[in-house]
Amino acid sequence: MHPNRAGYLTRLIVRQRRWSLNFRVNQTDQKTTETAIMADKTELDLSLLDLPLPQLTKTTIANECWASRYQDPRLNSVDFDLQSFWTYYNKECARALHNGGRYVALRSHRDVVDCIRKLKSGMLRHDIKEELREKLTALHDNEDEMLDNSIDLAASLLLMMSFCSFAYGFSGRSHLRWSHGSLESFVSAYFDPGAAQLAKENVKMEKIFTARNLCRIAGLDIVWTDNLVDHLRLTDDDRRVHVFHHASFLYVQQQSADSLLPKGLAEETLQTLALLFPSSDVETRKWFSKLSDAGLDKRAIQCGQLKTDHRQTERFRFWNDRLVVLKQVFDEAQPKSLSQWWHDRRNGVQWYRSSIANLPNARCHPLILVSSTGTHSG
927 MHPNRAGYLT RLIVRQRRWS LNFRVNQTDQ KTTETAIMAD KTELDLSLLD
977 LPLPQLTKTT IANECWASRY QDPRLNSVDF DLQSFWTYYN KECARALHNG
1027 GRYVALRSHR DVVDCIRKLK SGMLRHDIKE ELREKLTALH DNEDEMLDNS
1077 IDLAASLLLM MSFCSFAYGF SGRSHLRWSH GSLESFVSAY FDPGAAQLAK
1127 ENVKMEKIFT ARNLCRIAGL DIVWTDNLVD HLRLTDDDRR VHVFHHASFL
1177 YVQQQSADSL LPKGLAEETL QTLALLFPSS DVETRKWFSK LSDAGLDKRA
1227 IQCGQLKTDH RQTERFRFWN DRLVVLKQVF DEAQPKSLSQ WWHDRRNGVQ
1277 WYRSSIANLP NARCHPLILV SSTGTHSG
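Be aware that the sequence shown starts at 927, since it is given in this note's numbering, and climbs by one per residue.
Next comes the structure, spelled out in C-alpha cells:
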C-alpha cells in the first residue's frame, strides 16, 4: 500500500474512533446536547452559498473580523456602508466553492470565522493547516489543496487581498503566495518599503491629477478592483489603472484594534482616494455619481481632499512607487482625441497657442466644435 494512502487510512481510523466516543452519551444527555447545539446554531452556521446574507450574519462576521476587542456600534450602520464588501464576500465564497466545493474545506460562515480567528491570533500557517486537517470528516485525494485554499480564502476575506490561486480560469488579479509563518508577518514584509525608501523620488501632484482627468485627458481606463494588492497598478501597456475603491473597508480597518494590515496602510490608501477623488471637486463628484457600476463604494468620493503640502509622493510610504509611475504616465500622455485635447490644461500656454493650429480646417470658434463635458465608463 502506498505510504500516503496508509497515512490517510490511519487518520480516518483515529477520527472514526474519536467520533464514536463523542457520541456515546445517554439519551438524556443527547437531548440536552441537541438543545444546546440548536441554541448555538446561529447565523454563522448558514452555508456560504445561502443568499441573501442576513444582516445579523453580516454584523457577527464584521465584529469577528474587525472589532473583536471592542464592539463598535457603527459597524454595518449608516456610518460604514459595507455593502460593496459583502458583495465581494459573497463572490469570493461562490468562486471558492465552485465544482461542488471540492477545492476548499470551508462550508459555513462559522468555518470562515473560526479560520479568521486563527489567522488573527498569530498562528503559523502550518499549524492552522494541521488543525483544519483534524476537522475533516472524510478522506480526499486533494486534501492539502483543500486546506491551503481554505486558509487562503479566509485570509482573502479578512484583508481583501487575493491569496487564492485556483487552477480554474484567469482572474487577472495579482496573487500573494503565502506559504509559511503568520499572516501578519507575511503581509508586513510584503508591504515594507525597506531601506530603499530613503532614495525615493519626490514628485508633486497638482490638483489636476484626479481620476476624472486620468480618463478624459490621459485616456486611461479605470479598473475597479476588490484586491488591495492591485491598487494603483498599471496594466495593458499603461492604458489601465486599477483602483481599490473600498473606502468603507479601509475606514473599518483603520479603526480596528487588531487589524492585521501594516500600521498606516489603511490611512495612506484612503489618502490616495482623497487625491484621485477629491470631495471638494464638484466636477469629480458629478463624474463619480454617473458611473454605471452600482457595486462601487460610494464612500470613495467622501475621503476629503489633500492639502498642497500633502500632494507630494514622498508623503506616501506604501504607494510611492506606483504614484510616481502613474503621475509620469499622466504627464507624458498625449491627447489622442479632440475631447482629450480640449480638456488638457496641463500646459496652459501651449494649449492656447495650439488651439487653432490643431484645428486647421475649422471655420468657427473651437468652443462651438468641442463639447466641454467628459464622460467615462470604467
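A virtual CB, placed ideally from N, CA and C, is assigned to each residue, including glycine.
Computed from a prediction, not measured in an experiment: that's the story for all the values here.
I'd like to confirm the pairing. Which residues does DSSP put opposite residue i in its beta bridges?
i, result
"F1170", "T1151"
"Q1238", "K1130"
By a C-beta neighbour count over all protein chains shown, 10 Å radius and 16 as the cutoff for buried, is residue i buried or exposed?
i, result
"K1233", "exposed"
"T1210", "buried"
"L1065", "exposed"
"P980", "exposed"
"R1051", "buried"
"E1056", "exposed"
"K1216", "exposed"
"F1214", "buried"
"D1235", "exposed"
"D1257", "exposed"
Under three-state DSSP, which class holds residue i?
i, result
"L1160", "strand"
"K1224", "helix"
"K1253", "helix"
"K1130", "strand"
"S973", "strand"
"S1034", "strand"
"M1087", "coil"
"Q1260", "coil"
"R1028", "coil"
"N1246", "helix"
"N1068", "coil"
"R1099", "coil"
"S1215", "helix"
"L1199", "helix"
"A1206", "Contrary to the premise, residue 1206 reads as Ser rather than Ala in this sequence. Correct three-state label for S1206: coil."
"W1012", "helix"
"Q1179", "helix"
"H1052", "helix"
"R1165", "coil"
"K1189", "coil"
"F1135", "coil"
"W1104", "coil"
"A993", "coil"
"D1184", "coil"
"L1045", "helix"
"Q981", "helix"
"T986", "helix"
"D1118", "coil"
Could you give the C-beta distance for residue i and residue j, rounded to a whole number, given that I count them as a contact under 8 Å?
i, j, result
"C1041", "S1076", "6 Å"
"R1225", "E1194", "Contact doesn't hold; Cβ gap of about 16 Å is too wide."
"A988", "L1008", "7 Å"
"R1033", "G1026", "The pair is not a contact, with the Cβ atoms about 11 Å apart (cut-off 8 Å)."
"V1255", "D1164", "5 Å"
"N1246", "K1133", "That belief does not hold up - the Cβ atoms of N1246 and K1133 are roughly 20 Å apart, past 8 Å."
"L977", "N1016", "6 Å"
Inspect the beta-carbon positions of residue i and residue j and report whether they are closer than 8 Å.
i, j, result
"L1222", "H1171", "yes"
"V1039", "L970", "yes"
"S1114", "P1188", "yes"
"K1130", "Q1238", "yes"
"V1178", "W992", "yes"
"R1166", "L1158", "no"
"L1109", "L1176", "no"
"I1148", "V1169", "yes"
"F1089", "H1101", "yes"
"T983", "H1035", "yes"
"F1203", "A1137", "yes"
"Y1014", "D1152", "yes"
"L1023", "L975", "yes"
"D1184", "K1061", "no"
"L1199", "F1117", "no"
"S1205", "I1227", "yes"
"L1146", "A1173", "no"
"E990", "L1079", "no"
"M1072", "L1154", "no"
"N1068", "E1240", "no"
"K1253", "F1135", "yes"
"D1219", "W1150", "yes"
Using a threshold of 7 Å, is the CB atom of residue i nearer than that to any non-hydrogen atom of the ligand GDP?
i, result
"L1187", "The model depicted lacks the ligand GDP and carries no ligand whatsoever."
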